[in-house]
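Asks: Structure incoming, see below.
Structure follows, in structure tokens:
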């Protein structure tokens, strides 16, 4: 069964909080990782790896650089 | 034909470390490159590193660290019959480093060879030394990791010059009645060989940071756990975890996944940068010197780097 946007968002919020210390409440779909959340490329790799464990979807490095916002990641996981 | 008789087990008698005198701070680098202290500390965790001048070679660094380990071991140069130098940054590949290091330390006619397994080199060399003692190929072995990365790094490349540094670390391995060096868990991933490379003799060191970071934070904690399993040691029984000092975030990520809750985690990169094959013995010698770890405790070593290569084993702290 496919996960809903809300379920993925909640999971991402938890992962981002664990890796960066940013509050899960801050993690909303329209936020940009770099500009709004101040997350660097290495943290993005850690988030991608944790997301793979959580959602079972691999996000390769060459795809990762195209995922600018939280919504982009949710869409990638849902696709 | 008959076989030689080795010792029942091998152990580490002593460590020694050496860094060149010249300290390069993040502010020193920021003064001439587009980088800054906050960026460097947050990405790689380094505050300062040491860089050797033209008058000091990787051989000189190895002699300093090797001499310290030998002195601390209580053995004399006459007792050593095998010298192994782990290095991937030797200025000229002929002759090897080990023979020259042995000669400078007054070690007469030992077996002498270099190992290139990049940042995993020390753990590979330690495994070879342990096996040599146990098989009877050697009685006491001097193992040195020595690197002068500064001569292979582009001083204008901010992505590498902030990370890589110079230094050396050494250990003396000798016979023992009970195991002091556990079985090695080692391997390689040649499919990712291009992720860290010096392309040809006119090129500088290049690293695909994200590829290496992803590999290091996902593929290596199982290797570390396997080394524990092979030694019959639970990660919670480790007094220290000493992974290669590649990047503080990699160190902390692997430590978290390992679950070595009672272990002191080496964070020597903060003051030493990434010194490749030297980083593990350099970190351990400093941890012992500062009393951060006690003699008799168990430490898990984990080397990993270009190749890509990796190796891990449990040791008893001398």
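Residue numbers (UniProt numbering), protein chains in the order written: chain U, 1 to 79; chain C, 1 to 318.
C-beta: ideal position from N, C-alpha, C; glycine also.
Could you check what DSSP says for residue 68 of chain C in three-state terms: helix, strand or coil?
Replies: Shown here, residue 68 of chain C sits in a helix according to DSSP, grouped into three states.
Asks: Let me see if you follow: with CB-CB separation under 7 Å, is residue 42 of chain U close to chain C or not?
Replies: yes
Asks: Nearest by alpha-carbon distance to residue 22 of chain C: which of C:286, C:272 and C:308 is it?
Replies: C:272
Asks: What three-state label does DSSP hand residue 175 of chain C in the structure shown?
Replies: Three-state DSSP puts residue 175 of chain C in a strand.
Asks: Would you list, in sequence order, the uninterrupted beta strand (DSSP E) runs of no fewer than 3 residues that lie entirely inside the region 60-135 of chain C?
Replies: 82-86 and 111-115
Asks: Just to confirm the assignment, what range does the beta strand (DSSP E) spanning residue 142 of chain C have?
Replies: Residue 142 of chain C -> beta strand (DSSP E) spans 141-148.
Asks: Have a look at U:53, U:14, U:47 and U:70 and flag the residue whose alpha-carbon is nearest the alpha-carbon of residue 35 of chain U.
Replies: U:70
Asks: Below 8 Å on C-beta distance, what does residue 304 of chain C contact in chain U?
Replies: By Cβ distance, chain U contributes nothing, its closest Cβ being about 16 Å from residue 304 of chain C, past 8 Å.
Asks: I'd like to check one pair, residue 315 of chain C with residue 115 of chain C: are the Cβ atoms closer than 7 Å?
Replies: no
Asks: How many angstroms separate the CA atom of residue 266 of chain C from the CA atom of residue 301 of chain C?
Replies: Computed Cα separation, rounded: 10 Å.
Asks: Tell me where the beta strand (DSSP E) around residue 23 of chain C begins and ends.
Replies: 23-25
Asks: If the cut is a Cβ gap below 7 Å, which residues of chain C does residue 73 of chain U touch?
Replies: Those within 7 Å of residue 73 of chain U in chain C number zero; the least Cβ separation is about 16 Å.
Asks: Could you tell me whether any Cβ in chain C is nearer than 7 Å to the Cβ of residue 34 of chain U?
Replies: Judged by the 7 Å Cβ criterion, residue 34 of chain U is not in contact with chain C.
Asks: According to a CB-to-CB cut-off of less than 7 Å, which residues of the region 210-225 of chain C neighbour chain U?
Replies: 210, 211, 213, 214, 217 and 218
Asks: With distances taken between CB atoms, is the gap from residue 111 of chain C to residue 82 of chain C smaller than 7 Å?
Replies: yes
Asks: Please look up how many angstroms separate the CB atoms of residue 212 of chain C and residue 40 of chain C, rounded, as I've assumed it's under 8 Å.
Replies: Wrong, their Cβ atoms sit about 17 Å apart, outside the cutoff.
Asks: Can you check whether the CB of residue 50 of chain U is closer than 7 Å to the CB of residue 8 of chain U?
Replies: Cβ atoms of residue 8 of chain U and residue 50 of chain U: not closer than 7 Å.
Asks: What is the C-beta distance between residue 20 of chain C and residue 61 of chain C, in whole angstroms, given that I count them as a contact (C-beta under 8 Å)?
Replies: 7 Å
Asks: Can you find at least 3 beta carbon pairs, one from the region 248-262 of chain C and one from the region 278-293 of chain C, that sit closer than 8 Å?
Replies: no
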